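Accompanying notes for the structure given below.
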Amino acid sequence: MPNNKAYLILADETVYPGHAFGAETDTIGEVVFTTSMSGYQESLTDPGNIGTILCQTFPSAGNYGLNSLDSESSRVWPAGYVTREWCAHPSNFRSEVNLDLFLRDHGVPGLAGIDTRSLTRHLRQKGTLVGALVHTLPEDLRQFCAGLQKERPLRNAVRHVSRKEPTGFPAEGVRKHKVVLYDFGVKNSVIRQLCLRGCEVVAVPFDYPADKAAVLSPDGLLLSNGPGDAEELSALFGNIQKLTTFGLPLFGIDLGHQLLALALGAKSEKLPFGHHGENQPVTDLQRGRTYITSQGHSHSVLAESIRAGQVSHLNANDGSVEGIRYPALSAFSVQFHAEACAGPEDTLFLFDDFIQMMENR
Amino acid sequence: MPLRKEIKRVLVIGSGPIVIGQAAEFDYAGSQVCRALMAAGLEVILVNSNPATIMTDKQMATEVYIEPLTLPVLKRIIKETKPDSLLSTMGGQTGLTLAMQLAKSGFLEAQNVRLLGARLDTIDKAEDRQLFKDMLESVGEPAIPSDIANTLDAALVIAQEIGYPVIVRPAYTLGGTGGGMAKNEVELRSIAEKGLSLSPIRQVLVEKSVSGWKEIEFELMRDSAGNIITVCSMENLDPVGVHTGDSVVVAPALTLADKEFQMLRSSAMRIAQALGIEGGCNIQYALRPDSFEYGVIEVNPRVSRSSALASKATGYPIAKVASLISIGYTLDEIPNAVTGKTKACFEPSIDYIVLKFPRWPFDKFVYANRELGTQMKATGEVMAIGQSLEEALMKAVRCLEQGMDDLNLPGLSDTPQDKLLEMLSEATDERFFLIYAALKKGVSPEQIFQLTGVDPFFTHKMLHIAEVEKALAQGPLDEERYETARRAGFTDGLIERYCGASPENPLPVGFKMVDTCAAEYEAETPYFYSSCDRENEASEFIQSHPKKGKKLVVFGSGPIRIGQGVEFDYCSVRCVQQLRSMGHEAILINNNPETVSTDFDMSDRLYFEPLTPDDVNAVLATEQPDGVVVQFGGQTAIRLAKHMQKTGVPIFGTSADAVDEAEDRERFDALTERLHIPRPKGETVYTKEEAVRAAGALGYPVLLRPSYVLGGQNMIIANSESDVREYMDIITGGERPSSPILIDQYLTGTEVEVDAICDGEDFLIPGIMEHIERAGIHSGDSISLWPPQNLPQTVLDTVVEYTGRFVRELGVVGLMNIQYVLHKEKVYVIEVNPRASRTVPFISKVTGIPAVDLATRALLGEKLKDMGWGTGLGAENGMVAVKVPVFSFPKLQDADTHLGPEMKSTGEVMGIDYHLENALFKGLLAAGYELHKVGSTVLFAVRDEDKEEAVPLAGKFVKLGYSISATPQTAAKLREHGIISRVVELSDDAPESTKALFDTGEVDFVVSTSRIGRKPARLSTQLRRRAIERNIATLTSLDTANALANCLLRGTTLEDCTMVDIGTIKTGQKS
């Protein structure tokens, strides 16, 4: 175990001393936790985690190493990574690199050797806090934390994570459909699920004009997952509304779900703790079944504010909205990560539903 | 869907006696089920033959039948009690098979009883090999290439097709009994033959060996609406090839990337959907370590040993939820007991690492084959929770109570590396300690992987432990080294031992909560484990919950092993329940995931921890209790009495000094002398020569044993000097032992056993038990009778009188167990145990006197005379009960089945009725003896001193119409008395003929006694092994054989017996 010290300092002046690993840089970010017991590579490369200091509640990370195939994007998005212990000797036939080297390569610092359960409980009690991952303690902790308190969460995170130019992805096997995918911070697996089902995918920047999308003559539209609060993206609402007028099958996931709802007049609220992890139960009201889903979001669409559609999915724990159907618009959306990765694959069939809608056109 | 209205009365079948492969996990499951169904307002009828369980307490169900688990008995109970439903999935393989047979025969339908838990076709698809393969194929899931065979020839053809090595799995046997791996045709012939004979439907599966692949398990829950979740994943450290019950297992799976994990999880869900599981389900996979290739090994469509582990590992009450599903509820309707707010339809997320370590009986069976394979051999297991794998592993080793507090197995440090590597090529119970020794000698994790298939991930962690150990030994003990060691699970005591110095600033032990959600939601689970972190959630919990009455910490009994079974969990649980009902706070420490006591809602707080002085201290420091209770958790708990005396925490109940007085040889001698109670003469020795001399002076036969005894561990009767020499060599390993060896006169006679509830002055003996077998066979292996049938009143009076003297002199408060022997009409005391004993649940159930409840009240100062149950000897109530031991011999290759002073049974059953004959009939039936004539022959091979007595016994069998076979000398003796027998040679070149004799199926019973046994090479041992491997009842005591013969002679049938609801038993009134 390397023994160089590092510290996680929270804005409320709580300090967690531990061991440094990964890149030797200091960083600031919103401290969030995930209860996923594995899937750290997917979490680290999920653009939805941009700007966070991500804390793994499971005490051992990096057990099976990392490889070049499982990343959800080409870079690491969290500003820092916190785990109780990282595994120096990963073991898996696909492992290429250990967590320490991976974070170093991506310039992201890590902190190990702290009581992550204590941190999680602290965050649960205090709500989300800004924190700093540093390698030397500041001389004046109070002043340092006063500075942290002034830090605001990253605004317009989508602008940072979305691609700048449209990119095409060929269908696997016979090309059956063409989907234009709005990239609000898309995970590779969303694209992969479409390609696997015979879709050619054109991923376009988050603010790609609807008219130009129409020119690509897609069979369907997908509003992708992504980071942040949909409310602050009100500038996009008009464009999204326009997309719904094309009569094309439209599928929204995660942030895409919120953007669609808000663009169609609904409101959202901040959840007390958000939904993070791979074990969120969601009841599909049409199928009459509850599925285990992967989630990572802090806001939720308010049921009573929905105008254009009807609630199709509810969170079985807290009753919050997890999905909306818009029959008149041939659109549907879900709050959870239908694409899984990391997490349960129980709701992959939603992609089949989407394909079916395109086929039924 | 809410509760199905048509369900009102549910029959629940238990799993019967504890045997290897089916242990206390089904008491856990059954108890949860009974509580859940009763709470749902249903009437529950419970049938189980095992009296040692919590589930068979009369409070647990509307009606409780401790009756043999056979089809005729169940049919009779169903007819008499008229349930409308039968829950099939809570009684292990035993319960499932019986339920299936009842359903298949059309009996259930005829009686209008519906099957709950698993539909018939679900059971068939999971259990029948061909249907299973078809089902997998239908959902595109890969089976492991295999085929079923009903004959040896068919098995050979299959193996030819799929290629060696192959695994043989007999159909419908529990714990894989009779299976094994065959590397070639010769091996296959022997294994397949045995497997076919053990399978009730004479069917084996011959399967491609995927030995060396990772073994991954999933525990799932599915409801009738098709909602499905995985409660837990588990990874076996031992790769495929070692039975999962014999594997070290971690939860969650640690070496799978998300892609592999989800691949298997999704597969498991498809299978559970295809099977239409309604309740819990366990699926085992083989996963290639170097690709995504996998195969489904097995599906259990029921609650299993793994369910109990998954339940304790996550806090998710699998059995309870499964039973609610079986009566119609869906997962999203069932509240989550942990959060109180959410529903049971979620997947637990855990923020710690759980490790299960099996407990094997090889300390008892010195000559048994220790190799691990497809046949499970462990009797029990421990579970440890840690923040790191290292910490969990180190805790687990301490939980095992095998005298180790680190991974250094004594005697390995001098073993050369090449020898270690050679030893490693075979999987044995010592595998992980051998790995540790090899790592310390510089063997790399990768090399170990090549040899053992144990993933380097795990061995790297073990290497880390070795590095910590080395760093401590090198010193100095700086803060860095100290903290690293504590994080790796080293106790302060261990650290001090390694570096010779105690830490300057010892870290306090903090406790973390098991909450199913990794702290994401606020939880109130009173379920904790220790860590080296400063935060102490237990303290927070204690502060936010005002104290009620007195606060007592009860020590549990650790892993199930021979000599310390589920009975002690029964006692611990009853104590905790009694304390709570009296308004006191009861805290429990235990580490056995299979038990009722480790259900977190049993006690006010549960600590899942090793029961060692260091670990217990940490709990006591946090809890600051008014006292501790050490008398209900068997030897595990009582052993801590001395330590408690040192720490000054008050013991509620018999004092540590009194415990010592009963256990210390010299003090006990002085005590018996003072009380004028006779006891067999004895001496204390350390060396072989001293032993030989002492034995000569006492006169043969003598009894030899180490001074601290657990279930007669390492105890023998020596008839000659050579026996003494052999024994001393084994027990001392050639070295001077740290504690002395005891040599006693061995007195033959009837053994008499009592349990007494004491308040320091008065006592109450619920009942005196008489053993059918003469002293010399361990009390736990003897058939016990209550009330005594053959003892004169004067003897009973003496027993009561002596018991009273011990109570008063020792100041016993709580329970005490005393064993006496009636030798030549004189009563001698053999042993005094100032604690709860194995017989407590039995005697409580048959007499109706709740021994543990009363003892617990006595601990808190109540006097017997105020309790209303009387004092002295309890009155009889018109019932007769027998307790019959059950063994797991078929599973322990090379273990001698000959009974002796060392306990060998793993469990027990009970027979109760209004007449002795009926009770005995039931007891023997429940223990698995065939009580109607099947074959035609009884084989006699008895030692010289038994030959005379064997004659009338053989006469009884002749009268019953059996023909007798006998070894030459026994045959000669029988001939002298006019009994003609067929002579069977037992010599080195003759085993084939006895084997052939057994294979004909003609032999029903073998009566075999020998002067010395144990060694597998001895012919008599081999004879008994061959018999047991063919499921032929082998009687190694003439007393047992006589009891059986008498039972057969009387021709008792089930129709003569009464089905007894334990709840209706009245306590006897004294006249």
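The listed protein sequences correspond, in order, to chains A and B.
Its first residue numbered 0, the first sequence is counted upward by one per residue in numbering that gives the first Met the number 0.
Its first residue numbered 0, the second sequence is counted upward by one per residue in numbering that gives the first Met the number 0.
By construction, the Cβ of each residue, glycine as well, lies at the ideal position given by its N, Cα and C atoms.
Given the structure is predicted, the values throughout are model-derived calculations rather than measurements.
The alpha-carbon separation between residue 32 of chain B and residue 194 of chain A amounts to approximately 47 Å. Contact annotation, residue 270 of chain B with residue 230 of chain B: C-beta distance approximately 15 Å; criterion of less than 8 Å not satisfied. Per DSSP, reduced to three states, the secondary structure at residue 278 of chain A is strand. Along the stretch 456 to 470 of chain B, the positions whose C-beta sits under 7 Å from a C-beta of chain A are 456 and 459, read in chain order. If the five residues before and after residue 642 of chain B are omitted, its C-beta is found closer than 8 Å to the C-beta atoms of 612 and 615, all from its own chain and listed in chain order.
Using a Cβ distance threshold of 9 Å, residue 754 of chain B and residue 814 of chain B count as a contacting pair.
If the five residues before and after residue 263 of chain A are omitted, its C-beta is found closer than 6 Å to the C-beta atoms of 307, all from its own chain and listed in chain order. A distance below 7 Å between beta-carbons, with the five flanking residues on each side excluded, links residue 746 of chain B to the following residues of its chain, in chain order: 679, 774, 820, 822 and 827. Membership of residue 294 of chain A in the beta strand (DSSP E) is indicated by the continuous run 288 to 300. Taking all protein chains in view, the Cβ of residue 3 of chain A is surrounded by fewer than 16 other Cβ atoms within 10 Å, so the residue is classified as exposed. Taking 8 Å as the upper bound on Cβ-Cβ separation, chain B lies near residues 56, 57, 58 and 59 of the stretch 47 to 61 of chain A. Residue 760 of chain B and residue 674 of chain B have their C-alpha atoms some 15 Å from each other.
Less than 9 Å separates the beta-carbon of residue 493 of chain B from that of residue 405 of chain B. Here DSSP, grouped into helix, strand and coil, assigns residue 542 of chain B to helix. Within chain A, not a single residue places a beta-carbon under 7 Å from that of residue 311 of chain B; the smallest gap is close to 17 Å. The stretch 42 to 112 of chain A is shown to contain whole beta strand (DSSP E) runs of 3 or more residues at 51 to 55, 79 to 81 and 108 to 111, in chain order. Counting only runs of 3+ residues, the beta strand (DSSP E) found wholly inside the stretch 178 to 207 of chain B occupies 179 to 181 and 203 to 207, in chain order. Counting only residues of its own chain and dropping the five nearest sequence neighbours on each side, residue 268 of chain A has a CB closer than 8 Å to the CB of 298, 299 and 301. Rounded to whole angstroms, residue 222 of chain B and residue 299 of chain B show a C-alpha spacing of 16 Å. The residues 530, 532, 533, 534 and 535, in chain order, have a CB closer than 6 Å to that of residue 509 of chain B in the same chain once the five nearest residues on each side in sequence are set aside. Between residue 64 of chain A and residue 95 of chain A, the beta carbon gap of about 7 Å places them in contact (Cβ cut-off 8 Å). The contact set of residue 225 of chain B on chain A, defined by CB atoms closer than 8 Å, consists of 288 in chain order. At a cut-off of 9 Å between beta-carbon atoms, residue 264 of chain A makes no contact with chain B. By the CB criterion at 9 Å, residue 183 of chain B and residue 909 of chain B fall outside the cutoff.
The residues 763, 848 and 853, in chain order, have a CB closer than 7 Å to that of residue 868 of chain B in the same chain once the five nearest residues on each side in sequence are set aside. In terms of Cβ geometry, residue 969 of chain B and residue 1002 of chain B do not form a close pair [threshold 9 Å]. Note on residue 912 of chain B: 16 or more other CB atoms within 10 angstroms of its CB, so buried under the neighbour-count rule. Per the DSSP secondary-structure output, residue 345 of chain A pairs with nothing in a beta bridge.
Bridge pairing for residue 176 of chain A: A:198 [DSSP]. Looking at the backbone, the Cα of residue 354 of chain A and that of residue 40 of chain A are separated by about 29 Å. Setting aside the 5 residues that flank it on each side, residue 128 of chain B is surrounded in the same chain by 147 and 204, each with a C-beta closer than 6 Å to its C-beta; the list follows chain order. Residue 930 of chain B is positioned such that its CB atom lies no closer than 9 Å to that of residue 368 of chain B. Taking the C-beta atoms as reference points, residue 345 of chain B is found no nearer than 9 Å to residue 343 of chain A. Neighbours of residue 260 of chain B in chain A, taken as residues whose beta carbon is under 7 Å from its own, are 37 in chain order. Between the beta-carbon of residue 1058 of chain B and that of residue 42 of chain B there is about 16 Å, and that puts the pair past the 8 Å contact cut. Residue 243 of chain A: member of the alpha helix (DSSP H) spanning 236 to 243, first to last residue.
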